[in-house]
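Written out below as structure tokens is the structure these notes cover.
Numbering (my numbering), first residue to last: 21 to 283.
Structure, rendered in structure tokens:
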């Protein structure tokens with residue numbers, strides 16, 4: 021069950037007689053209105069009316085006027101959620117960090133860590149751009165897995181970690197191919213080696229091994245090229261990148277034999 025689904029249930033169970041009509045009454049005075057009334061009104065604004073800014077304002081009012089009530093942490097986490105829905109990720113992260121600091125043992129702590137990770141994850145950009153959000157997402161997702169390993173949040177975080185790693189590997193490959201085209205062979209080689217060592221579970225490893233084979237041959241490091249091709253063939257014998265590496269090595273070997281015969 022998602023957090024928003026639980027929020028819907030809370031809306032149904034808490035003070036059910038307050039909002040019977042579709043249209044909400046005028047905003048109540050937060051200083052004199054009980055926090056549970058404010059909370060359920062804010063949920064109505066969020067879920068039924070999709071008035072995210074108004075809902076956020078009312079969740080924020082609960083925290084300000086009733087900071088020691090049991091509704092305060094709920095309101096704070098829902099305030100963060102409204103920011104997230106509006107894609108105001110920086111504001112959401114600020115609220116979530118405060119929640120984590122104030123309520124580390126709260127029922128919604130796991131969700132707070134998870135939502136913070138999503139704030140970074142949803143900002144992951146194209147591999148051609150800076151990947152600082154991908155790195156931040158990985159760190160936040162790993163915290164979810166480490167702190168709450170038995171939760172559904174951890175399961176989803178683990179999947180997203182693999183996707184984020186694949187994204188970072190794609191970035192390394194993009195840069196490596198650029199260096200290779202520019203004739204910056206050592207710089208390209210270092211990028212491909214990093215993919216092989218640090219992103220072994222991604223699909224980019226096959227191409228990285230092929231590009232290493234290609235780069236080593238350009239640099240005249242035939243033995244190293246053979247090793248890369250052998251690793252590629254051992255792990256991915258049916259892959260297209262191994263076939264390309266095999267043909268590349270075969271071509272290089274034939275050229276070497278022809279040169280020897282000419283001599």
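Cβ atoms here follow ideal geometry from the backbone N, Cα and C, with glycine treated the same way.
Beta-carbon separation (whole angstroms), residue i vs residue j, contact threshold 8 Å
| i | j | result |
| --- | --- | --- |
| residue 133 | residue 93 | Actually they do not touch by this definition, with Cβ atoms about 14 Å apart. |
| residue 143 | residue 103 | Their Cβ separation, rounded to whole angstroms, is 13 Å, which puts residue 143 and residue 103 out of contact at 8 Å. |
| residue 205 | residue 239 | 6 Å |
C-alpha distance - residue i paired with residue j, whole-angstrom precision
| i | j | result |
| --- | --- | --- |
| residue 77 | residue 185 | 37 Å |
| residue 164 | residue 221 | 20 Å |
| residue 171 | residue 178 | 11 Å |
| residue 43 | residue 79 | In this predicted model, residue 43 has a pLDDT of only 48, less than 50, meaning its place in the structure is not dependable; the value taken from the coordinates is given anyway. Taking the straight line joining both Cα atoms gives about 19 Å. |
| residue 271 | residue 141 | 44 Å |
| residue 189 | residue 53 | 53 Å |
| residue 87 | residue 96 | 10 Å |
Under the three-state DSSP convention, the category residue i falls into
| i | result |
| --- | --- |
| residue 150 | coil |
| residue 168 | coil |
| residue 144 | coil |
| residue 106 | coil |
| residue 55 | helix |
| residue 126 | coil |
| residue 223 | coil |
| residue 255 | helix |
| residue 89 | coil |
| residue 269 | helix |
| residue 202 | coil |
| residue 76 | helix |
Same chain, Cβ closer than 7 Å to residue i, neighbours up to 5 away in sequence not counted
| i | result |
| --- | --- |
| residue 91 | 55, 56, 59 and 82 |
| residue 41 | Because residue 41 sits at a pLDDT of 38, beneath the cut-off of 50, its placement in the model cannot be relied upon, and the point is left open. |
8 Å Cβ shell around residue i - same chain, five flanking residues per side excluded
| i | result |
| --- | --- |
| residue 138 | 104 |
Own chain residues within Cβ distance below 6 Å of residue i, not counting five before or after
| i | result |
| --- | --- |
| residue 208 | 196, 199, 200 and 235 |
| residue 283 | Reliability fails at residue 283, whose pLDDT of 43 lies under 50, so the model's placement of it is uncertain and the value that follows must be treated cautiously. There are no such residues. |
| residue 265 | 230, 233, 249 and 252 |
Quiz item: Is there contact here, the segment 197 to 208 with the segment 161 to 176, by at least three beta-carbon pairs under 8 Å?
Solution: Touching, no, given that fewer than three Cβ pairs across the two stretches are closer than 8 Å.
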